[in-house]
Amino acid sequence: MRLHALLPLLAATLFNAGCSSNETRPLPRPPSVDVPRFMGDWYVIAHIPSWPEREAYDAVESYARRPDERIQTTFTYRKGSFTAPLKTMHPIGRVEKEGNGAVWGMQFIWPIQAEYVIAWLNEDYSQTIVARSKRDYVWYMARTPQVSESDYDAAVQRMQAMGYDISKLRRVPQSPRKAP
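Per mature numbering (1 follows the signal peptide of the UniProt record, and there is no 0), the sequence shown runs over residues -17 to -1, 1 to 163.
Put into structure tokens, the structure is as follows:
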């Protein structure tokens, strides 16, 4: 099946899967996000995945600021194994005026935008948690393909404190390699 055929399904999944969440607390956010510093490659260490990501290996989200101030995003992954062909998606991000750089809209297909909240970011911009108010999807990402077990455990505790069901969390297999 071609990736373009999956885009409408992805959009529907992003907006419908979390409708039953009872969590109403606002997501935490850093006081501000230096958006240019946030740009670059982020390895997906763990997630509650959307449908296309459920068997992802070597998942990397890359951000680059466009001249029109939107964020060109490239999401690459391998489906089901380290040797599977590389798959790529190219959503476009937009930093919302409210939110000090931590709240984005992510557009996979026009005109639908998915909520994308940088809910936690460490001081050196080497690890982050991206979340959604519905608590349906979450992504723990790092600038390196592996993190220490203590960092991983701390991130899991943060996601649980945000109201996520961590029994749905999937650790993404990452081969030790350079960013694509």
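The beta carbon of each residue, even a glycine, is placed where N, CA and C say it ideally should be.
In this structure, the CA atom of Gln157 is about 11 Å from the CA atom of Ala125. In its chain, beyond the 5 residues on either side, Ile112, Arg141 have a beta carbon closer than 6 Å to the beta carbon of Trp103. Taking the C-beta atoms as reference points, Ala29 is found no nearer than 8 Å to Lys62.
Residue pairing of Gln96 in beta bridges, as defined by DSSP: Gln90.
Only buried fits Glu44, as 16 or more other CB atoms lie within 10 angstroms of its CB.
Here DSSP, grouped into helix, strand and coil, assigns Asp41 to strand. Taken atom to atom, the span from the alpha-carbon of Pro35 to that of Asp107 is near 30 Å.
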